[in-house]
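Notes follow once the structure below has been shown.
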């Protein structure tokens with residue numbers, strides 16, 4: 002008789018880790034979407050929309066929050 006061992010493949014992270022990772026990716030993507038745009042079609046005309054509070058304050062804050070959530074998701078104990 003042969004001893005066959007069936008090894009189940011386990012994921013590196015648990016379900017909660019992946020949920021938090023998806024939330025972090027959503028925050029980062031939303032931050033980059035808020036940063037996009039604001040340019041002018043005519044290079045000789047300066048558009049003041051580039052200095053909108055949404056691009057200067059909100060978007061980088063969302064990206065940093067998203068990176069914090071990603072770090073938390075990686076360090077979260079999946080066994081708990």
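Numbering (the numbering used here), first residue to last: 2 to 81. Yeah, the Cβ is synthetic: ideal placement off N, Cα and C, and Gly gets one too.
Nearest-angstrom Cα distance between residue 62 and residue 12? 31 Å
Using DSSP with H/G/I as helix, E/B as strand and the rest coil, what is residue 10? coil
Can you grab the Cα-Cα spacing for the pair residue 1 / residue 64, in whole Å? The chain is shown from 2 up to 81; residue 1 falls before or after that span and cannot be answered.
Would you report the Cα separation of residue 17 and residue 46, rounded to the nearest angstrom? 49 Å
Name the two residues that bound the continuous alpha helix (DSSP H) containing residue 74. 60–76
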